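Mind the numbering: the sequence shown is residues -20 to -1, 1 to 178 in mature numbering (1 follows the signal peptide of the UniProt record, and there is no 0), read in order.
The beta-carbon is built from N, C-alpha and C at its ideal position, and this holds for glycine as well.
No experiment lies behind these values; they were computed from the predicted model shown.
One structure is given here, and the rest of the page talks about it.
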Amino acid sequence: MTRIRLACLTIGLLAAAACGVQPDSSPRDLPEAEQALETSDESSGDIAAGADRIYLIGPGDDRLLRSVQREADSATDLMETLLRGPNDDEIEAQFTTAIPSTTELNDATIQGQNLTVDLSADIIELDTQSLVRAIAQIVYTATELDGIETVQIEIDNERLSAPTPGGDTTASPLRVYDYPGLIQTSQPAFPAGPVSNA
């Protein structure tokens, strides 16, 4: 019995020692396969940092809008940041934008609680579904600015009759409530309530 116990104890200790990670006695270079991948210095969008947010189309088949961090000094800067689209890391994470990369910001003007965003005509060449998402990106991003509740979109100084998800169009200032169901919510899904048998 004593030999069996001694053999089991020895095997157990050897197995435990073999599983442990041993520290290196001195610094060493890691093989290339174990090194972290380097990221490119080039980016299509801005660095994901700062207290401001823009809205991009998140990964997944539902193509819902998701906010990402950005740094912006003004309404003009925030809108231009949105037009630059996702950065390299976000592209790798499968974020996209419905706004054509050729779209230019002519002007962004705040008056009271409204931001007027004047864009080049490139954006209106989109099909209706893509245009709805592009406008939703603009509206949700603009209303991230302090005090902004509505957004008037113009194309080369002409008020845009903007499509909404319900199939209507409106030339009135837009609110986030005009684009429901297009944004990913952080609220968890709640289970259905109990079914009454009465």
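Taking C-beta separations shorter than 6 Å and ignoring five residues to either side along the sequence, the partners of Asp102 in its chain run Pro80, Thr82 and Thr83, following chain order.
DSSP places Ser100 in the coil class of the three-state scheme, outside both helix and strand. For Ile118, the three-state secondary structure derived from DSSP is helix.
At a Cβ-Cβ threshold of 8 Å, Ile163 and Ala142 do not count as neighbours. The DSSP assignment places 45 to 50, 85 to 91 and 94 to 99 as complete runs of the beta strand (DSSP E) inside the region 44 to 115, in order along the chain (cut-off: 3 residues). In the DSSP assignment, Tyr157 falls outside any beta strand (DSSP E) and carries neither an H nor an E. When the beta-carbon positions are compared, Ile128 and Ile90 come within less than 8 Å of each other.
For Ile133, the uninterrupted beta strand (DSSP E) run begins and ends at Thr130 to Ile135, by DSSP. In the three-state DSSP reduction, Leu36 falls in the strand class (E or B). The beta carbon of Arg43 is closer than 6 Å to those of Ile37 in its chain, skipping five residues each way along the sequence.
Looking at the backbone, the Cα of Glu60 and that of Thr76 are separated by about 16 Å. Between Thr144 and Asp158 a beta carbon distance of about 5 Å is seen, short of the 8 Å cut, so the two are scored as contacting. The Cβ atoms of Arg64 and Gln49 lie no closer than 8 Å to each other.
Rounded to the nearest angstrom, the Cβ distance from Asp98 to Asn86 is 4 Å, consistent with a contact under 8 Å.
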